[in-house]
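Chemist:
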Amino acid sequence: MMVIVAILCLIASGVLRVHVALQLALFTFGISTFLIREKRQQHSSIQWLLIPIILFGFWLRVVNLENLVHVFVDETSFVDGILTVQDQPDLPIFTYMAPIAAFSWIYPTLQAGSIALLGETFMGVRIISVIFGTLTIPAVYLLGAWIGGKRAGLIAALMLATFPPHIHFSRTAINNIADPLFGTLAFALIYRRKYLVAGVTLALTAYFYEGGKILYPLVGVIMVMMQRPGKSAFRRFIVGFFIGSIPLWLTMLRYNMPYFPRYDDEALGAAYWADLLTDISAFNAFIQEQIIPAFGHYITHADTSAFFYGGKTAIILPFMLPFVLIGSVIYWRRVMPLLAVILLAGIGNTIIADPGWTARYVVTFPMIAVLAALGVIVLAEGAYQVGTRHLRQFAYAVSAILILAQAIYYFGVHMPYYIVQVHPQRDHQDIIWRSREFPPGTTVLLFTDELTYYLHTVTLSRLWGLDLRFQFLHPLHLTTRSNSRLPQTDGHDLAIFVQPDNLEIIAFLAQTFDLPAPQYSPYNIPRSKQYVLFYLENPALQDKSPSQN
Numbered sequence: 000m001m002v003i004v005a006i007l008c009l010i011a012s013g014v015l016r017v018h019v020a021l022q023l024a025l026f027t028f029g030i031s032t033f034l035i036r037e038k039r040q041q042h043s044s045i046q047w048l049l050i051p052i053i054l055f056g057f058w059l060r061v062v063n064l065e066n067l068v069h070v071f072v073d074e075t076s077f078v079d080g081i082l083t084v085q086d087q088p089d090l091p092i093f094t095y096m097a098p099i100a101a102f103s104w105i106y107p108t109l110q111a112g113s114i115a116l117l118g119e120t121f122m123g124v125r126i127i128s129v130i131f132g133t134l135t136i137p138a139v140y141l142l143g144a145w146i147g148g149k150r151a152g153l154i155a156a157l158m159l160a161t162f163p164p165h166i167h168f169s170r171t172a173i174n175n176i177a178d179p180l181f182g183t184l185a186f187a188l189i190y191r192r193k194y195l196v197a198g199v200t201l202a203l204t205a206y207f208y209e210g211g212k213i214l215y216p217l218v219g220v221i222m223v224m225m226q227r228p229g230k231s232a233f234r235r236f237i238v239g240f241f242i243g244s245i246p247l248w249l250t251m252l253r254y255n256m257p258y259f260p261r262y263d264d265e266a267l268g269a270a271y272w273a274d275l276l277t278d279i280s281a282f283n284a285f286i287q288e289q290i291i292p293a294f295g296h297y298i299t300h301a302d303t304s305a306f307f308y309g310g311k312t313a314i315i316l317p318f319m320l321p322f323v324l325i326g327s328v329i330y331w332r333r334v335m336p337l338l339a340v341i342l343l344a345g346i347g348n349t350i351i352a353d354p355g356w357t358a359r360y361v362v363t364f365p366m367i368a369v370l371a372a373l374g375v376i377v378l379a380e381g382a383y384q385v386g387t388r389h390l391r392q393f394a395y396a397v398s399a400i401l402i403l404a405q406a407i408y409y410f411g412v413h414m415p416y417y418i419v420q421v422h423p424q425r426d427h428q429d430i431i432w433r434s435r436e437f438p439p440g441t442t443v444l445l446f447t448d449e450l451t452y453y454l455h456t457v458t459l460s461r462l463w464g465l466d467l468r469f470q471f472l473h474p475l476h477l478t479t480r481s482n483s484r485l486p487q488t489d490g491h492d493l494a495i496f497v498q499p500d501n502l503e504i505i506a507f508l509a510q511t512f513d514l515p516a517p518q519y520s521p522y523n524i525p526r527s528k529q530y531v532l533f534y535l536e537n538p539a540l541q542d543k544s545p546s547q548n
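Numbering-wise (numbering that gives the first Met the number 0), the sequence shown opens with residue 0 and increments by one.
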């Protein structure tokens, strides 16, 4: 193990430059040698019930993964990361991907492997998130079982398996879903006083999204200190945390990387806080624009970003809120660390821009699942105290129905609304997907006056190796009614995408070409959010319009 640590230190410091796959393999093997120290427990009959819950959770995360949301939602930075890993196979994987996407290269390295196996598709890019999200289900079982018993653990696992926002981020190719796995597992190990592996696992949260990097180690260290372990036990925790963290720390020193880059970018700034202390109206605005959205997002406020999670509801659905509150109140002594994560996540979001983005609350999802499970236990056992065993069974059955109703809500109510939300205008990414089968050299024109991001075109064209000529033009480009304004195709095909409600430009094209029948997207895109396609094979410009002289 120490040999592997030494090699990782050389890699992190830039002395050794080896293939990213070897870097990841060494890192994974080194960490695994500590994690497998945890002795496997004897399986009782109730633990075997965890297997169908895990399989059910996996199915909810993978079903129709390719087509349900047929647009990359803030995922192109990871697609670009995959391309960078492919182009620079010896890059240091512990450095940051980009100033904004300031995460290690571990996630896109894994995704590069998944697309090699599954293809350059949504499934190929997103399956790593599915795996991380699914693995968090048994981690939540361990945490819930240690706090409230095996039954609580199973209910917590089922709660997380069907928890709408956790399903959602498990189906999205961004790394927010990764650190809750390691943070949840670390908390479970700390509860069980397995300090060495807890330290290693807690350190892994720093390699993914910044929320986990900040919250989990802070709360985890406090948990250990509150348990007052002996010097030897505390030393094991520190050693484990140090070994898990040292590649990242050395990399930060070597490349002068900040520890909290996203916070530095998203913080409100000194001028904001100066105004807050001197202007009462600024303080009122702080309450309305920062505090209420940050904490209200748990129970009342929908995602203000719309594109991350969207929908019309808060993180916790109304019919699950009583379980969470009851579990929090009755078990408050045992669940203080879980409540601390939820509270600190809310506080942290009050001091940065856009406090109501759901992506910044993923660290709290496992904690909410455990609290809800404890609430179910309280109500079911309370029913037994005032009634009979049958009443307790009825309470558990009703609770299970409500928990399962979360998944029905997600796919039946949330997703149809979300699919419209993530298309505030027409989907210019859909153009690139529809162009994948065009012959090399085809000129692809988009005429639109809506907001587009040409970076998406560049990234996806590189991913698929497209030999196409894309041009995004404003409709005014053709207001002169001269087909000299159209690019020459040099004998290649011409694909023209236009807004279907722009009848003027369609009429002009009909005067210029013998237009074929319009084509629409075969993908899961609302018709109102599509561009219409006119595909011309080796067109000859023929100005059929009246003379403009």
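The beta-carbon is built from N, C-alpha and C at its ideal position, and this holds for glycine as well.
Please determine if the segment 92–103 and the segment 240–253 are in contact, where contact requires at least 3 C-beta pairs separated by less than 8 Å.
Modeler: Yes: the two stretches touch, three or more of their Cβ pairs being nearer than 8 Å.
Chemist: Taking the straight line between their C-alpha atoms, what separation do you get for T447 and A358?
Modeler: The straight-line gap from Cα to Cα measures roughly 30 Å.
Chemist: Within 10 Å of its beta-carbon, does R16 have 16 or more other beta-carbons around it, so buried, or fewer, so exposed?
Modeler: By the neighbour-count rule (16 or more Cβ atoms within 10 Å), R16 is not buried but exposed.
Chemist: Closer than 6 Å by C-beta to I136: which residues in its own chain qualify, once you throw out the five before and the five after it? Chain order, please.
Modeler: Only I53, G56, A156, L159 and A160 meet the Cβ criterion.
Chemist: State the start and end residues of the unbroken beta strand (DSSP E) segment that holds F307.
Modeler: Note, F307: premise wrong, no beta strand (DSSP E); not H, not E.
Chemist: In this structure, how does DSSP classify F496 when only helix, strand and coil are distinguished?
Modeler: The answer is strand: DSSP assigns F496 an E or B state.
Chemist: From what residue to what residue does the alpha helix (DSSP H) around Y383 run?
Modeler: Y383 -> alpha helix (DSSP H) spans F364 to V385.
Chemist: Quick one: is R433 buried, meaning 16 or more other Cβ sit within 10 Å of its Cβ, or exposed?
Modeler: Buried: at least 16 other Cβ atoms inside 10 Å.
Chemist: Would you grab the beta carbon distance between Y524 and V68 for me? Rounded to a whole angstrom, and I think it's under 8 Å.
Modeler: According to the sequence displayed, residue 524 carries Ile and not Tyr. No, I524 and V68 are not in contact; Cβ-Cβ is about 10 Å, not under 8 Å.
Chemist: Quick one, are the C-beta atoms of L552 and M122 less than 7 Å apart?
Modeler: It is not possible to answer for residue 552, since the shown part of the chain is limited to 0 through 548.
Chemist: What's the gap between the Cα of Y206 and the Cα of A172?
Modeler: Taking the straight line from one Cα to the other gives about 16 Å.
Chemist: Do T488 and T442 have their CB atoms nearer than 7 Å?
Modeler: Contact: yes.
Chemist: Assign K230 to one of two classes, buried (16 or more other C-beta atoms within 10 Å of its C-beta) or exposed (fewer than that).
Modeler: So K230 counts as exposed.
Chemist: Take G80 as the anchor and find which of R332, I505, P474 and F102 has the nearest alpha-carbon.
Modeler: Selected option, being the one with the closest Cα: F102.
Chemist: Pull up the DSSP beta-bridge partners for L535, would you.
Modeler: DSSP output for L535 lists L493 as bridge partner(s).
Chemist: Is the beta carbon of D429 less than 7 Å from the beta carbon of S520?
Modeler: Against a cut-off of 7 Å, the Cβ pair of S520 and D429 comes out as a contact.
Chemist: Classify P517: buried if its beta carbon has 16 or more other beta carbons within 10 angstroms, exposed otherwise.
Modeler: By the 10 Å Cβ count, P517 comes out exposed.
Chemist: If you run the structure through DSSP and keep just helix, strand and coil, what is F236?
Modeler: In this structure, F236 counts as helix in the three-state DSSP scheme.
Chemist: Under 8 Å: do the segment 403–415 and the segment 385–395 share three or more Cβ pairs, one atom per stretch?
Modeler: The segment 403–415 vs the segment 385–395: no contact.
Chemist: As a quick exercise: from V124, L48 and A97, pick the residue whose alpha carbon is nearest that of V78.
Modeler: Nearest option by C-alpha distance: V124.
Chemist: Keeping to the same chain, check which residues put their C-beta closer than 7 Å to that of I189; ignore five residues upstream and five downstream.
Modeler: Result list for I189: A197, G219, M222 and V223, in chain order.
Chemist: Tell me where the alpha helix (DSSP H) around R388 begins and ends.
Modeler: Its alpha helix (DSSP H) spans residues R388 to Y408.
Chemist: Which residues in the same chain have their Cβ closer than 8 Å to the Cβ of F241, if we skip the five residues on either side of it in sequence?
Modeler: Cβ within range, chain order: G198 and A202.
Chemist: Taking one C-beta from the segment 283–290 and one from the segment 394–403 each time, how about it: are there three or more such pairs within less than 8 Å?
Modeler: The segment 283–290, when compared against the segment 394–403, does not touch it at the 8 Å Cβ threshold.
Chemist: In chain order, what residues of the same chain lie with their CB nearer than 6 Å to the CB of F168, ignoring the 5 residues before and after it?
Modeler: Contacts found: N175, I176 and V361.
Chemist: Considering only the beta carbon of each residue, do A454 and I495 sit closer than 7 Å?
Modeler: Checking the displayed sequence, the identity of residue 454 turns out to be Leu instead of Ala. In this structure, I495 does not lie closer than 7 Å to L454 by Cβ.
Chemist: With a threshold of 8 Å on Cβ separation, who are the neighbours of D302 within its own chain once the five nearest residues in sequence on each side are excluded?
Modeler: Cβ neighbours of D302 beyond the five flanking positions: H296, Y308, G309, G310, G355, W356 and T357.
Chemist: Nearest to G143 by alpha carbon, out of R333, L82 and R170?
Modeler: G143 has its Cα closest to that of R333, out of R333, L82 and R170.
Chemist: What residues match up with V443 in a beta bridge as DSSP calls it?
Modeler: DSSP output for V443 lists F469 and A494 as bridge partner(s).
Chemist: Can you tell which of D513, L324, Y254 and L477 has the C-alpha that lies nearest to the C-alpha of I504?
Modeler: Ranking D513, L324, Y254 and L477 by Cα distance to I504 puts L477 first.
Chemist: Taking its Cβ as the centre, do 16 or more other Cβ atoms sit within 10 Å of S280, making it buried, or is it exposed?
Modeler: Burial call: exposed.
Chemist: Nearest-angstrom Cα distance between Q41 and W47?
Modeler: Low local confidence applies: a pLDDT of 45 at Q41 is under 50, so the model's placement there is unreliable, with the coordinate-based value given in what follows. Approximately 11 Å, taken between the alpha carbons.
Chemist: Going straight from the alpha carbon of M414 to that of T312, what length do you get?
Modeler: In a straight line, the C-alpha of M414 is about 12 Å away from that of T312.
Chemist: Can you give the Cα-Cα distance for G243 and F186, rounded to whole angstroms?
Modeler: Approximately 16 Å between the Cα atoms of the pair.
Chemist: On the three-pair Cβ rule with 8 Å, is the segment 103–122 touching the segment 466–476?
Modeler: With the cut-off at 8 Å, the segment 103–122 and the segment 466–476 do not touch.
Chemist: Could you please give the first and the last residue of the uninterrupted alpha helix (DSSP H) stretch that includes V70?
Modeler: No alpha helix (DSSP H) holds V70; DSSP gives it neither H nor E.
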